[in-house]
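One structure below.
In UniProt numbering, the protein residues as written are 1 to 596.
And the structure:
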């Protein structure tokens, strides 16, 4: 039967697979609008009509063990470890899991790894990655997109959508179907040790809008978005990788803050949700039970109340927040029974399969539940991998670049192209946030009237070179690790009437031993000074002595793209539109920013 042959994925060569998958651009409308529900239309209406025959054929060809295995994704952490890699390949060939999760490796290696795993899988494997700021989060040679906190400052959400579309194209080039992003957590706790800059900020409406734009960009580009960490990890003081965090809020507060962005994303057609290993007593009364193992949260709240119809995926099962539920196998069963469809990063796939079979026998899990989860997963596989009858106008503008890729040799060139660099430039420039502009001091640069000195606190090589070339003024790089030389250098700055401080080592100001040096430069930050802060805005609180400067601009990150955005601003080529996505102690409020 043709469908069974299609199901037996070995008949496809890797390039043939990539060719058909690139047709999955799903461009259901070029222009981004927040209220667009193209993802809902494209997926739920078309999938349910088109996928049933394929899903039936594949499902009926699987043994019970293979149906169970479809609900598990295994990690591929260190492909350079030959023994570990071969074990993972052998496990995939023997047990036929539903997918793999890639960790740190080069994109060239990723192509080879994916090819090897797909060859031994009878059913197409989901390939997923944590790519919050793009492939660069796991592939170090790829150009990164801005952190979510940086994106949170941008007022033009269509830029976020464009980023999601471009990101989806890069994922497809590498044979990756699922991005474990966006982070939809509202970071209302500045001391949060695990979310922080990974969040779009503390305003739930802004987080929702950014999450929707990112999600729709990915999904319109043929890549599954996974909203995480449901129902909200933004107000925790501990890390779920290391312990079980507690969120102790009322239901009213949860609905208006933590849950709000997820509800908005679900209403706009989100395909997958990641459940968080956190404890929320208001939603689950059993003490010590993570919401990722709670039927009240995943079935009653997520499925019934919020009417979510996509995949529910656990956060990684090797995290301490999940290990509180028992040993491998045991906790895998509990995760599925609670309402998760997919168990991500299972630590023992054979034990998990055995445990699920035992749970079916003792009626902890039913065969109907396994079938429902397996069919839901296969339906998405049809949509993301096997579906080939695409409309001509649904093909991505960049499809030709994939057709030219016949080996791993040019993958980096295709990923790090000029369109990516141009989009990154737009994103970083749109994020620039002007917090103070007394006497219109930023006009110094627009009118080329600056005649003072530039003072760098930290490393900024791209800026250092361009400042020296573009402005006829001295540049001082203060020696942060030499207090006596630091003070000596600061004394030399007193003769300049105008001063521009560029702070790139934003954590330096938080160290108690640097208080004396910080006070020295603070005395220079007067009405004739401007401060550029290239880093996490929360750290600005440690530089309160500099916030008296007449000009204060936040650039959110210290990398080449952010530095070049500041240079373009200094050259008068940037209009300020960014807004603070978080509050900074008592200094600034969320939403602060001067449009100019």
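For each residue, glycine too, the CB sits at the ideal point set by N, CA and C.
Host alpha helix (DSSP H) of residue i (start-end)
i, result
"residue 120", "No alpha helix (DSSP H) holds residue 120; DSSP gives it neither H nor E."
"residue 516", "515-522"
"residue 525", "Looking at the DSSP string, residue 525 is not in any alpha helix (DSSP H), and its letter there is neither H nor E."
"residue 291", "No alpha helix (DSSP H) contains residue 291, which DSSP labels as neither H nor E."
"residue 562", "560-570"
"residue 164", "157-173"
"residue 58", "52-61"
"residue 338", "330-338"
"residue 484", "483-491"
"residue 414", "411-415"
"residue 356", "349-361"
"residue 85", "82-95"
"residue 321", "320-323"
"residue 466", "461-470"
Cβ neighbours of residue i in the same chain (closer than 8 Å, five flanking residues each side left out)
i, result
"residue 400", "Confidence is the limiting factor: at residue 400 the pLDDT is only 45, short of 50, which leaves the residue's position unreliable, though a coordinate-based value still follows. Excluding sequence neighbours, residue 400 sits near nothing in its chain."
"residue 464", "456, 475 and 477"
"residue 471", "450, 454 and 570"
"residue 587", "540, 541, 544 and 547"
"residue 308", "266, 270, 273 and 302"
"residue 574", "429, 432, 565 and 568"
"residue 589", "580 and 583"
Close Cβ partners of residue i (< 7 Å) along its chain, the five nearest in sequence each way excluded
i, result
"residue 441", "530, 550 and 551"
"residue 466", "567"
"residue 99", "73, 125, 126, 127 and 128"
"residue 389", "With a pLDDT of 35 at residue 389, under the threshold of 50, the modelled position of that residue is not reliable, and no figure is offered here."
"residue 507", "539"
"residue 234", "185, 186, 187, 188, 189, 192, 195, 199 and 258"
"residue 206", "152, 200 and 581"
"residue 96", "66, 69, 121, 122 and 123"
Contact belief for residue i with residue j at Cβ below 8 Å, rounded distance in angstroms
i, j, result
"residue 433", "residue 578", "4 Å"
"residue 504", "residue 108", "Going by Cβ atoms, the distance from residue 504 to residue 108 rounds to 32 Å, so no, they are not a contact pair."
"residue 199", "residue 148", "6 Å"
"residue 173", "residue 160", "With 8 Å as the limit, residue 173 and residue 160 do not qualify as a contact, their Cβ atoms being about 21 Å apart."
"residue 120", "residue 93", "4 Å"
"residue 283", "residue 301", "7 Å"
"residue 262", "residue 231", "6 Å"
"residue 342", "residue 71", "6 Å"
"residue 275", "residue 312", "6 Å"
"residue 250", "residue 204", "Their Cβ separation, rounded to whole angstroms, is 15 Å, which puts residue 250 and residue 204 out of contact at 8 Å."
Residues of its chain near residue i, where Cβ-Cβ distance is below 6 Å and the 5 sequence neighbours each way are ignored
i, result
"residue 176", "127 and 129"
"residue 24", "Low local confidence applies: a pLDDT of 39 at residue 24 is under 50, so the model's placement there is unreliable, with the coordinate-based value given in what follows. Cβ within range, chain order: 222."
"residue 548", "525"
"residue 328", "347, 348 and 351"
"residue 145", "133, 134 and 163"
"residue 246", "279"
"residue 599", "Since the first and last residues shown for the chain are 1 and 596, residue 599 lies out of range."
"residue 591", "579"
"residue 137", "130 and 131"
Limits of the unbroken beta strand (DSSP E) element including residue i
i, result
"residue 314", "311-314"
"residue 225", "224-230"
"residue 433", "433-437"
"residue 259", "Here residue 259 belongs to no beta strand (DSSP E), and DSSP marks it neither H nor E."
"residue 274", "272-275"
"residue 379", "Segment 367-381 is the alpha helix (DSSP H) holding residue 379; no beta strand (DSSP E) there."
"residue 210", "From DSSP, residue 210 is part of no beta strand (DSSP E) but of the alpha helix (DSSP H) over 204-220."
"residue 76", "72-76"
"residue 477", "475-477"
"residue 453", "453-457"
"residue 126", "126-129"
"residue 102", "99-102"
"residue 68", "Segment 64-69 is the alpha helix (DSSP H) holding residue 68; no beta strand (DSSP E) there."
Closest residue to residue i among the options (Cα-Cα distance)
i, options, result
"residue 483", "502, 494, 512 and 495", "512"
"residue 354", "333, 479, 306 and 554", "333"
"residue 240", "207, 540 and 322", "322"
"residue 201", "335, 496, 584 and 481", "584"
"residue 79", "65, 55, 244 and 139", "139"
"residue 527", "535, 366, 331 and 501", "501"
"residue 180", "206, 169, 158 and 229", "229"
"residue 76", "111, 535 and 497", "111"
"residue 564", "461, 496 and 543", "461"
"residue 594", "554, 277, 254 and 495", "554"
"residue 340", "316, 326 and 324", "316"
"residue 157", "383, 209, 166 and 238", "209"
"residue 295", "337, 325 and 324", "337"
Kindly confirm or deny that the segment 345-360 and the segment 257-276 touch, where touching means at least three C-beta pairs closer than 8 Å. no
Kindly confirm or deny that the segment 372-386 and the segment 202-215 touch, where touching means at least three C-beta pairs closer than 8 Å. no
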